[in-house]
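Asker: Just dropping this structure here.
2 protein chains.
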Amino acid sequence: MSELRYDPVRKTWVIIATERGMRPTHIQRPETPLHAVSRAVCPFCPGNEGRTPPEILAIRNPGTQPNSPGWKVRVIPNKFPALTIESPQKRYGKGIYDVVSGFGAHEVIVETPNDQEQMADFTIAHMRDVFSVFRDRLADLMKDHRFRYIMIFKNYGSEAGATLCHSHSQIIAIPVTPSLVTVELNSVRDYYMRKERCMMCDIIHQELEDGERIVINEERFVVFAPFASSFPFELRIAPKTHNHDFSVLDEDHLQHFAAVVKETLLRLRKVLNDPPYNFILHTAPPVTRRPGKPEYWTSISSDYHWHLELIPRMTMIAGFEWGTGFQINPTSPEDAARFLREAEI
Amino acid sequence: MSELRYDPVRKTWVIIATERGMRPTHIQRPETPLHAVSRAVCPFCPGNEGRTPPEILAIRNPGTQPNSPGWKVRVIPNKFPALTIESPQKRYGKGIYDVVSGFGAHEVIVETPNDQEQMADFTIAHMRDVFSVFRDRLADLMKDHRFRYIMIFKNYGSEAGATLCHSHSQIIAIPVTPSLVTVELNSVRDYYMRKERCMMCDIIHQELEDGERIVINEERFVVFAPFASSFPFELRIAPKTHNHDFSVLDEDHLQHFAAVVKETLLRLRKVLNDPPYNFILHTAPPVTRRPGKPEYWTSISSDYHWHLELIPRMTMIAGFEWGTGFQINPTSPEDAARFLREAEI
């Protein structure tokens with residue numbers, strides 16, 4: 001049974017996922033190559049729908065049946081979940097420590113039936129379908145008041161943590177707020193309380209004025225390399241107009257977001273030779289949508305600004321960087337933005 | 001020129017080390033193998049002292065000259081430093097952002113003249129020499145009031161970020177406090193203010209009572225797997241008696257620390273088949289030793305408890321884990337401690 005445990009010194013939660021049953025000899029070393037499976041057994045390939053738990057949502061061709069071929073995007077429960085919806089939702093203390101039982105949801109978004117294409121290859125229309133599924137799963141999971149946060153993320157390439165080649169993203173809904181999300185929420189709230197302005201809106205304003213860290217500046221979205229980038233070619237993709245909640249994205253923004261993400265991935269592929277990468281959707285926690293929520297949370301709609309964080313995995317995260325939160329980045333964000341801007345795609 | 005930049009959303013500093021001059025084509029992918037160089041050119045091998053900047057400190061056989069063979073442990077400036085002592089110490093704002101110029105020190109501790117032995121192979125007497133050098137360099141750097149924190153750490157194995165095989169550790173002295181150190185300092189101070197007890201002392205007390213996460217319990221030190229371990233086989237090595245400052249470690253504790261670290265590394269090597277690992281020394285910041293320091297910092301001698309954090313690198317740090325601070329650990333610390341405790345070494 002999984003459980004969430006709190007580190008009182010570092011103020012951070014971890015999931016101890018013992019269901020996954022790792023004995024020392026079973027633990028995969030980081031160098032383990034990407035698990036390339038044949039189409040006959042790949043659980044994400046059409047025709048193999050029976051190899052996964054029943055689908056939660058799919059965008060399908062008219063007339064096709066659930067859990068059979070004919071889908072364009074398909075959402076399924078993770079077969080090896082870090083957290084399960086069946087777990088009791090228990091919170092208790094253990095001396096100085098805090099524990100929450102491993103209650104949650106862990107879903108996989110299979111982004112395409114075609115195992116030969118990666119996200120950068122998708123048409124804009126297909127990319128839009130994928131992001132509409134992100135939005136709709138997020139909106140649905142946000143209705144469950146037991147979840148404190150819903151993370152949507154993608155690991156592309158084995159160095160980024162992917163275990164299957166077939167293009168997919170993941171959703172984890174958890175009964176606690178992740179530490180870095182708490183830090184972000186608190187920073188932007190403090191800023192708003194002092195200035196009555198959104199910090200990300202101010203950052204976007206300054207970045208557009210400076211220009212040197214901008215990669216793409218289109219009508220609805222801006223793509224930029226953060227001033228304090230932790231990693232080479234780290235990027236943020238954010239809407240220019242203030243909005244805290246990805247789950248209420250309108251069709252117009254969805255269309256622009258799809259086009260901008262595709263262009264960003266193509267530029268990264270060109271400049272960095274198809275790098276492994278992760279992206280993480282940062283959006284306001286579900287509690288903002290609940291009736292009767294305290295003032296503390298109500299403010300989030302004014303001060304949080306959703307964005308996509310994109311990290312190519314070009315350098316090691318060495319342990320001292322993990323242990324201290326202190327990153328050494330060998331590429332300036334100004335250089336990174338210039339290389340990406342000037343790439344011919 | 002390097003600079004330190006502050007992320008106002010994540011409340012964290014990064015070093016943009018552009019001196020290292022990484023163009024997209026120069027960035028090493030994580031899979032780059034460990035740089036095994038021949039003894040003729042290894043800058044850490046005896047006889048090649050001229051290939052490094054002049055030594056800062058060495059433990060030497062009597063009668064041998066600086067920067068020549070005859071040393072047991074040797075400290076040199078890093079030839080490719082992330083920060084340099086020659087940089088001006090400037091702090092300035094840039095619109096919404098904060099910048100500190102790349103002032104600092106970056107040293108390498110070559111732990112042995114013998115490139116065939118790794119730290120786990122050292123005799124206890126040799127290990128003690130290495131840790132006495134840690135202590136003495138720390139004490140010396142703490143005298144420079146421009147440094148806010150001094151990090152001592154080791155990357156062992158290429159998956160842990162090492163670029164040379166020859167056994168070595170590193171010191172980075174920086175003009176800001178790393179974000180995770182700030183979080184730790186604040187957590188333990190809040191705890192002390194409420195309870196007038198050190199949080200780590202309470203944790204050690206509870207761990208010794210529980211017993212199930214203890215790996216080694218000797219006279220002066222305890223080695224345990226933290227309750228909320230982020231990674232499989234993550235360990236903490238801490239003195240049983242309260243002490244905040246590694247730079248004042250007495251000879252008795254030094255001797256015990258050397259023996260306990262050696263035993264820990266041998267147990268890890270046995271159970272995990274010579275894993276890559278990082279360790280990071282967590283000790284109170286230098287400001288605690290300054291005259292006229294404010295009450296805020298004075299308290300640290302009561303509430304901070306130095307310890308060594310040891311992380312075998314058995315799993316990926318996937319991007320979502322970086323992006324959210326949310327780790328999924330497939331091995332419970334209770335299992336990890338039991339495997340390590342029961343190993344025959």
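Taken in order, these protein sequences are the chains called A and B. Here the numbering used here is used: position 249 in the first sequence is 249, and no number is missing along the way. Here the numbering used here is used: position 152 in the second sequence is 152, and no number is missing along the way. Glycine included, C-beta positions come from ideal geometry on N, C-alpha and C. On a predicted model such as this, the values are computed, not experimentally measured, just so you know.
(1) Thinking C-alpha only, which one of A/L235, A/A238, A/P113 and A/T283 is nearest A/L185?
(2) In the DSSP assignment, find the alpha helix (DSSP H) that holds B/F153 and state where it starts and stops.
(3) Suppose you measure from the CA of B/S167 to the CA of B/K262; what does that come to, to the nearest Å?
(4) Can you check which of these residues, B/S68, B/I174 and B/L281, is closest to B/P88 by C-alpha distance?
(5) If contact is defined by three or more beta carbon pairs under 8 angstroms, each pair taking one atom from either stretch, is the stretch 87 to 107 of chain B in contact with the stretch 35 to 46 of chain B?
(6) Listed in chain order, which residues of the stretch 221 to 250 of chain A have Cβ atoms closer than 8 angstroms to some Cβ of chain B?
(7) Cβ closer than 9 angstroms: which chain B residues qualify as neighbours of A/Y348?
(8) Leaving aside the five residues before and after A/A337 along the sequence, list all residues of the same chain whose C-beta is less than 8 angstroms from its C-beta, in chain order.
(9) Out of B/V37, B/G70, B/T52 and B/P81, which has the shortest C-alpha to C-alpha gap to B/E3?
(10) What's the call for B/Q327, buried or exposed, on a 16-neighbour Cβ count within 10 Å?
(11) Within 10 Å of its beta-carbon, does B/D7 have 16 or more other beta-carbons around it, so buried, or fewer, so exposed?
(12) Determine the closest residue to A/Y304 out of A/M314, A/V183 and A/L340, with distance taken between C-alpha atoms.
(13) Any beta carbon from chain A within less than 8 angstroms of B/M1's own beta carbon?
(14) Would you list, in chain order, the members of the stretch 168 to 199 of chain A that have their beta-carbon closer than 7 angstroms to a beta-carbon of chain B?
(15) Roughly how many angstroms separate the alpha carbons of A/A160 and B/D140, rounded to a whole number?
(16) Give the DSSP-derived three-state secondary structure of B/K72 in the structure shown.
(17) Can you find the residues in the same chain that come closer than 6 angstroms, C-beta to C-beta, to A/V130, ignoring five residues on each side of it along the sequence?
(18) For B/W13, which three-state DSSP category applies?
(19) Have a look at A/A238, A/D245, A/L281 and A/F227 and flag the residue whose alpha-carbon is nearest the alpha-carbon of B/G93.
(20) Taking buried to mean at least 16 other C-beta atoms within 10 Å of its own C-beta, is A/P312 buried or exposed?
(21) Can you give me, in chain order, the residues of the stretch 82 to 115 of chain A that have a beta carbon less than 7 angstroms from any beta carbon in chain B?
(22) As a quick exercise: from A/E344, A/P330 and A/V37, pick the residue whose alpha carbon is nearest that of B/I15.
(23) Which of helix, strand or coil does DSSP assign to B/V183?
(24) Run through DSSP, which three-state label would B/S101 get?
(25) Identify whether B/Y304 lies in helix, strand or coil by the three-state DSSP scheme.
(26) Taking Cβ-Cβ distances below 7 angstroms as the criterion, which residues of the stretch 2 to 13 of chain B are in contact with chain A?
(27) Name, going along the chain, the residues of the stretch 202 to 222 of chain A whose beta-carbon falls closer than 7 angstroms to a beta-carbon of chain B.
(28) Buried or exposed, going by whether 16 or more other CB atoms sit within 10 Å of the CB of A/A125?
(29) Less than 8 angstroms between the CB atoms is what I'm expecting for B/I172 and B/I109, so what's the real figure, rounded?
(30) Skipping 5 residues on each side, what residues in its chain have a beta carbon closer than 7 angstroms to that of B/N155?
(31) Would you mind working out which of A/R148, A/D245, A/P66 and A/L265 sits nearest A/E340, comparing C-alpha positions?
(32) For A/Q118, which of A/D202, A/P77 and A/D274 has the nearest alpha-carbon?
(33) What residue does the beta strand (DSSP E) around B/G93 start on, and which one ends it?
(34) Under the three-state reduction of DSSP, which class applies to B/S247: helix, strand or coil?
(35) For the beta strand (DSSP E) that contains B/L235, what are its first and last residues?
(36) By how many angstroms is the C-alpha of A/T177 removed from the C-alpha of A/F233?
Answerer: Working from what's here:
(1) Considering only alpha carbons, the answer is A/T283.
(2) Looking at the DSSP string, B/F153 is not in any alpha helix (DSSP H); the run it does join, the beta strand (DSSP E), is Y149 to Y156.
(3) Those two C-alpha atoms are separated by around 14 angstroms.
(4) Closest by alpha carbon: B/I174.
(5) Result no; under three Cβ-Cβ pairs closer than 8 angstroms.
(6) Closer than 8 angstroms at the C-beta level to chain B, one finds these residues of the stretch 221 to 250 of chain A: P226, F227, A228, S229, S230, P232 and F233.
(7) Outside the shown range of chain A (1 to 345) lies residue 348 of chain A, about which nothing can therefore be said.
(8) Counting only Cβ-Cβ distances below 8 angstroms, and skipping sequence neighbours, we find E212, R213, I214, V215, F224 and A225.
(9) The shortest C-alpha separation from B/E3 is found at B/P81.
(10) Under this definition B/Q327 is a buried residue.
(11) Its Cβ being crowded by 16 or more others within 10 Å, B/D7 is buried.
(12) Ranking A/M314, A/V183 and A/L340 by Cα distance to A/Y304 puts A/V183 first.
(13) No Cβ of chain A is located within less than 8 angstroms of the beta carbon of B/M1.
(14) Cβ contacts with chain B: P178, S179, L180, V181, V183, E184, S187, V188 and M199.
(15) Looking at the two C-alpha atoms, the distance is approximately 40 angstroms.
(16) It is a strand residue.
(17) Its chain contains V73 and E111 as the residues whose beta carbon lies nearer than 6 angstroms to that of A/V130, once the 5 sequence neighbours on both sides are disregarded; these appear in chain order.
(18) Reduced to three states, the DSSP call for B/W13 is strand.
(19) Here the closest residue by C-alpha is A/F227.
(20) It counts as buried.
(21) Of all residues in the stretch 82 to 115 of chain A, the ones placed with a Cβ closer than 7 angstroms to any Cβ belonging to chain B are A82, G95, I96 and Y97, in chain order.
(22) Nearest of A/E344, A/P330 and A/V37 to B/I15, Cα basis: A/P330.
(23) In the displayed model, B/V183 falls within a helix according to three-state DSSP.
(24) In the structure shown, B/S101 adopts extended strand secondary structure according to DSSP, grouped into three states.
(25) Residue state, collapsed to three classes: coil.
(26) Cβ contacts with chain A come from R5, Y6, D7, P8, V9, R10, K11, T12 and W13.
(27) So the close ones are D202, I203 and Q206.
(28) The residue is exposed, with fewer than 16 neighbouring Cβ atoms inside 10 Å.
(29) Not quite, the Cβ-Cβ distance comes to about 12 angstroms (not below 8 angstroms), so this is no contact.
(30) G161, A162 and N278, listed in sequence order.
(31) The residue you asked about is not Glu; residue 340 of chain A is Leu in the sequence shown. Just measuring C-alpha positions, the residue of A/R148, A/D245, A/P66 and A/L265 sitting nearest A/L340 is A/L265.
(32) The candidate whose alpha carbon is nearest that of A/Q118 is A/D274.
(33) Unbroken beta strand (DSSP E) run through B/G93: R91 to K94.
(34) DSSP places B/S247 in helix when its eight states are reduced to three.
(35) Start and end: L235 to P239.
(36) Put simply, the backbone Cα of A/F233 is about 27 angstroms away from that of A/T177.
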